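The block underneath contains the structure these notes are about, expressed in structure tokens.
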Amino acid sequence: MEAKTGAHVAILPSPGMGHLIPLVVFAKHLAATHSFSITFINLTTDSSAAQSSVLSNLNDVGLSSVQFVDLPPADLSDLPSSAKIETRISLTMFRSLSSLRALLGDLTSKFPNTVLVADIFGTDAFDVADELSLPKYLFFPSNATFLSLVCQLPALDTKVSGEYRDLRELRLPGCSSPFPGKDLVSPLQDRKDAAYAWFLHQAKRYPRADGIFVNTFEALESQALQFLKENRASFPEVFPVGPLTLEQPENDSDCLRWLDEQPPGSVVFVSFGSGGTLSYEQYQNLAHGLEKSGQRFLWVIRTPELTEGPAAFFTVESKGDPKAYLPEGFLERTKGVGMVVPSWAPQTRVLAHAATGGFLTHCGWNSTLESIQNGIPLIAWPLYAEQKMNAILLVDEIKVAIRPKIQEDGIIKEEEIERVVRGLMEGEEGKALRAKMRDLRDAAAATALAEGGSSYGSLVNATQKWRSNV
Ligand code: UDP
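Just so you know, we're using UniProt numbering here: the sequence shown kicks off at 1 and counts up by one.
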């Protein structure tokens, strides 16, 4: 086989749409704007239309510069059903190492100048990169504040003796608002669980990366980025390259057609990301709250769960028909005012639509960036992963979101939902949040992504080394 001399990037996303989407966008930038050739490695078992549509974004770059390779699915059948998502994802990556080794071996004979980019749960792949003497980078699909927690986790692990959830607060550099221990990222909530051991294992390996890309931008998180810069002695160089968000192709979905008929800025979009599900009781309250608010809404519904947790993480499809769980008569009563979409909506197009005026979100970081790019203010309703940390950042620090009050039993009442939806769409608070969001939107467009902008420059900086390896 003839060896190619141009720089080539092997991209390894861990399972989950929230990891896949920003890496698809990153790959697209590397190929289309920076002329690298890409191998995009897929080790998920999700064959949903949503995933195929996300991956198809890379097709328009041209097949000569992007190739897709599926690795055989890892067998997790020995895991108990109680195994947490971070354990499942880390083990999927770990158990794929031998097929990854074979693939990277083949790729490096074809492309001697190969760089590996793994993500937040993919640091075990660094061993394979070392065996093959490849540069290895990490792509962190969330924000710099969360990355600063990961950077400090190995030290916290030795310093803090009890459970983090019992800490009244933890201060993170670059963020003046304190984080209550119970709101830290999910795998830190139980130090005896395997998910904590896996998360710590990943965190301890981050310093081995030659550099870390983070999906944020200077104007959004300048202080957290500054902290990471100051830690260069113990932590790799951090490159803010955001906001990297997906441009979904034009399509004529029912929900976009419905939005076309609504007045500008009148609709609140309600969605809990690719894996978020609510309890049956919470699902009912949300339906009643939206109805009582009298506001127009577009709600992506998923079958409610009787057990807590991101059950839908490995596939975005709902189990059963989520409409069957709506309150009786809900669809008839809200006809014309609201629309429900089972499982999946073309979110970036919805947020870019002129009729959309607010977003009730689980605070996933991709959703957050997509909202920022469209200047849409938020209702913060975090569920799991680092979403509660993101909610604190959005409500207290960046001040672009309202957060509904949660009762002692963990439920948000319908009256509270009605209050926050009205407040966001009609109230003075909503106006202030919208103005702040629009400023951020402009900052993102003008300073981050445009040629000469901070994120653009950061990516050029990092990748210059890759070219000079040729
Ligand atoms: N998404 C979408 N349609 C949906 C739900 C989610 O297109 O109905 C996309 C959304 O635009 C975002 C990603 O899936 O890019 C979800 O990522 P995020 O980080 O917000 O949350 P996660 O799914 O990881 O919890």
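By construction, the Cβ of each residue, glycine as well, lies at the ideal position given by its N, Cα and C atoms. Source: prediction; values computed, not measured.
Distance, PRO173 Cα to ILE38 Cα:
In the sequence shown, residue 38 corresponds to position 38, counting from 1. In the sequence shown, residue 173 corresponds to position 173, counting from 1. If you take the alpha carbons of ILE38 and PRO173, they lie about 35 Å apart.
To the nearest angstrom, report how far apart VAL350 and ASP396 are at their CA atoms.
Your numbering for residue 350 matches position 350 in the sequence shown. Your numbering for residue 396 matches position 396 in the sequence shown. The straight-line gap from Cα to Cα measures roughly 26 Å.
Start-end ranges of the alpha helix (DSSP H) lying completely within the segment 119 to 162, minimum 4 residues:
125 to 131, 144 to 159
Measuring from the CB of ILE376, is there a heavy atom of the ligand UDP at a distance below 7 Å?
To locate residue 376, count along the sequence shown from 1; it is residue 376. Checking the Cβ of ILE376 against the ligand UDP gives no.
Does ARG333 pass the burial test, meaning 16 or more other C-beta atoms within 10 Å, or should it be called exposed?
On the sequence shown, residue 333 is found 333 positions in, with the first residue counted as 1. Exposed is the call here.
Using only alpha-carbon positions, find the residue among GLU418, ASP210, VAL66, ALA83 that is nearest to ALA129.
Here residue 129 refers to the residue found at position 129 when the sequence shown is read from its first residue. When only C-alpha atoms are compared, the closest one is ASP210.
Just to confirm before moving on: does the CB-CB distance between THR356 and ILE376 stay below 8 Å?
Against the sequence shown, residue 356 aligns to sequence position 356. Against the sequence shown, residue 376 aligns to sequence position 376. In this structure, ILE376 lies closer than 8 Å to THR356 by Cβ.
Using DSSP with H/G/I as helix, E/B as strand and the rest coil, what is ALA311?
Against the sequence shown, residue 311 aligns to sequence position 311. Residue placement at ALA311 is flagged as unreliable, the pLDDT there being 47, under the threshold of 50; a coordinate-derived value is accordingly withheld.
I need the DSSP call for LYS388, collapsed to helix, strand or coil.
Along the sequence shown, one-based indexing puts residue 388 at 388. Note: LYS388 maps to helix in three-state DSSP.
Sequence-distant residues of the same chain with beta carbon closer than 6 Å to VAL241, five excluded per side:
On the sequence shown, position 241 is the one that residue 241 refers to. Excluding sequence neighbours, VAL241 sits near PHE213, SER455, SER458, LEU459.
Measuring from the CB of VAL460, is there a heavy atom of the ligand COA at a distance below 7 Å?
This structure simply doesn't include the ligand COA; it includes the ligand UDP instead.
For ASP72, count the other beta carbons within 10 Å of its own beta carbon; 16 or more makes it buried, fewer makes it exposed. Which is it?
Sequence index remark: in the sequence shown, residue 72 carries index 72 (1-based). Correcting the residue type first, residue 72 is Pro in the shown sequence and not Asp. Exposed is the call here.
Classification of THR307 by the beta-carbon crowding that lies within 10 angstroms, buried from 16 upward:
Position 307 of the sequence shown, counted from the first residue, corresponds to residue 307. Any reading at THR307 must be qualified, since the residue scores a pLDDT of 48, below 50, and its modelled position is unreliable; no value is offered.
What is the residue span of the beta strand (DSSP E) that ARG296 lies within?
To locate residue 296, count along the sequence shown from 1; it is residue 296. 296 to 301 is the extent of the beta strand (DSSP E) around ARG296.
Residues near ALA385 in its chain [Cβ-Cβ closer than 7 Å; skip 5 each side]
Position 385 of the sequence shown, counting from 1, holds the residue named residue 385. Contacts found: VAL185, SER186.
Distance CB(THR123)-CB(ARG232) smaller than 8 Å:
By 1-based counting over the sequence shown, the position of residue 123 is 123. By 1-based counting over the sequence shown, the position of residue 232 is 232. No, Cβ-Cβ distance for THR123 and ARG232 is not below 8 Å.
Going by DSSP, what residue range makes up the beta strand (DSSP E) through PHE26?
Taking the first residue of the sequence shown as 1, we reach residue 26 at position 26. Taken as a continuous stretch (DSSP letters only), PHE26 belongs to no beta strand (DSSP E), being part of the alpha helix (DSSP H) at 17 to 32.
Please report the straight-line C-alpha distance between MET339 and CYS255, rounded to a whole angstrom.
As a first step, residue 339 is located in the sequence shown; it is residue number 339 there, counting from the start. As a first step, residue 255 is located in the sequence shown; it is residue number 255 there, counting from the start. Cα-Cα distance, rounded: 7 Å.
Is ILE406 buried or exposed, if buried means 16 or more other CB atoms sit within 10 Å of its CB?
Translated into positions along the sequence shown, residue 406 becomes position 406. Counting Cβ neighbours within 10 Å, ILE406 comes out exposed, since fewer than 16 surround it.
Work out the CA separation of GLY329 and LEU220 for me, nearest whole Å.
Numbered from 1 along the sequence shown, position 220 holds the residue referred to as residue 220. Numbered from 1 along the sequence shown, position 329 holds the residue referred to as residue 329. When rounded, the distance between both Cα atoms is 43 Å.
For GLU416 and LEU424, what's the separation of their Cα atoms in angstroms?
Here residue 416 refers to the residue found at position 416 of the sequence shown. Here residue 424 refers to the residue found at position 424 of the sequence shown. Their Cα atoms are separated by approximately 12 Å.
Could you tell me how far apart the beta carbons of LEU360 and TRP381 are, in whole angstroms, since I believe they sit closer than 8 Å?
In the sequence shown, residue 360 corresponds to position 360, counting from 1. In the sequence shown, residue 381 corresponds to position 381, counting from 1. Contact holds; Cβ gap of about 6 Å.
For ILE392, collect the residues of the same chain with a Cβ closer than 7 Å to its Cβ; drop the 5 residues on either side in sequence, then sort them by chain order.
Position 392 of the sequence shown, counted from the first residue, corresponds to residue 392. SER177, PHE179, ASP183.
Which residue marks the beginning of the alpha helix (DSSP H) containing GLY375, and which one marks its end?
Locating residue 375 in the sequence shown gives position 375, counting from the first residue. Where GLY375 is concerned, there is no enclosing alpha helix (DSSP H), given that its DSSP letter is neither H nor E.
Buried versus exposed call for GLY275 [16 or more other C-beta atoms within 10 Å across all chains shown]
Here residue 275 refers to the residue found at position 275 when the sequence shown is read from its first residue. Buried.
Supposed contact pair LEU138 and residue 471 - C-beta distance, whole angstroms, cut 8 Å:
Here the chain has residues from 1 to 470 only, and residue 471 is not among them.
Does the ligand UDP have even one heavy atom less than 7 Å from the beta-carbon of THR348?
Your numbering for residue 348 matches position 348 in the sequence shown. Yes, Cβ of THR348 sits closer than 7 Å to a heavy atom of the ligand UDP.
Measure the alpha-carbon distance for ARG95 versus PHE199 and round it to whole angstroms.
By one-based count along the sequence shown, residue 95 stands at place 95. By one-based count along the sequence shown, residue 199 stands at place 199. Cα to Cα, ARG95 sits roughly 16 Å from PHE199.
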